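Numbering of the sequence shown is given in the working numbering, commencing with residue -4 and proceeding in unit increments. To start, the structure itself, in structure tokens.
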Amino acid sequence: MSTDLLADRVRTAVATVDDPEYPGISIVDLGLLESLDTTPDGHVAVGLIPTFSGCPALSMIADDVRSAVDAVEGVATVDVRWLGAPVWRVDRITETARATMARDFTVAVRIGRGPVACPRCGSPTDEQSMFGPSRCRAVHTCPTCAEVVEVMRA
């Protein structure tokens, strides 16, 4: 099998791995996949970048990636590594993932500065705490619809 075909199949397999906090949102759509290398004899190296280094789900995500890639025909070995660079940024999240996060999880993604719109009604939100349930999220509230909004940030 050509390395291009194997790489395509492996990328498709990695895209089936969802983030444990956001079921239905692929780690690829969250921007965690940084590199993917294949050799003609089926050796695969996957490089991932964490949303933050202390994320408690890193080993679970790596195990899920390893299992998904190992099931691909033509794969002999799988090496999954968490990379220290580049640093993950929220602008790596795809538009599809942003829309799903807003619709299904009431999560807004903050790109740059400026007001954060409520995923429910579109009104500007007020920051309640710059620290949310994890280091990469803040907590806002919407003064219009009273929704609590988690805001992904880098």
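Glycine is no exception: its CB is placed at the ideal position from the N, C-alpha and C atoms. Please read these numbers as outputs of a predicted model, since none were measured by experiment.
Cβ-Cβ distance between residue i and residue j below 8 angstroms
i: I88; j: L25; result: yes
i: G153; j: S30; result: With the chain running from -4 to 149 in the structure shown, residue 153 is simply not present.
i: V146; j: A97; result: no
i: C113; j: C131; result: no
i: A66; j: A10; result: no
i: I56; j: P110; result: no
i: I20; j: T95; result: yes
Buried or exposed (CB count within 10 angstroms, at least 16 for buried), residue i
i: T152; result: Residue numbering for the chain in the displayed model covers -4 to 149; residue 152 lies beyond these limits and cannot be assessed.
i: G127; result: buried
i: R108; result: exposed
i: A141; result: exposed
i: V143; result: exposed
i: R93; result: buried
i: T46; result: buried
i: R84; result: exposed
i: R76; result: exposed
Any C-beta of chain C under 8 angstroms from that of residue i
i: V143; result: Absent from the structure: chain C. Only one protein chain is present.
C-alpha distance - residue i paired with residue j, whole-angstrom precision
i: R115; j: H135; result: 13 angstroms
i: E122; j: H38; result: 47 angstroms
i: S62; j: V12; result: 9 angstroms
i: V70; j: D59; result: 15 angstroms
i: I22; j: V5; result: 13 angstroms
i: P81; j: E90; result: 21 angstroms
i: A52; j: D3; result: 25 angstroms
i: M125; j: R148; result: 10 angstroms
i: D99; j: T(-2); result: 37 angstroms
Anticipated Cβ contact below 8 angstroms, residue i with residue j, distance rounded
i: L1; j: T33; result: 5 angstroms
i: S118; j: T139; result: 4 angstroms
Proximity test, residue i beta-carbon vs the ligand MN heavy atom, cut-off 7 angstroms
i: T120; result: Only the bare structure without any ligand can be found here, which leaves the ligand MN out of the picture.
Note to self: Ignoring anything shorter than 3 residues, give me the beta strand (DSSP E) runs that lie fully in the segment 68 to 124, in order along the chain.
What the structure shows: Those beta strand (DSSP E) runs which fall completely within the segment 68 to 124 and span 3+ residues are 72 to 77, 102 to 104 and 121 to 124.
Next item on the list: Entirely within the segment -2 to 53 and at least 4 residues each: give me those alpha helix (DSSP H) ranges in chain order.
Entry: The segment -2 to 53 contains these whole alpha helix (DSSP H) runs: -2 to 9.
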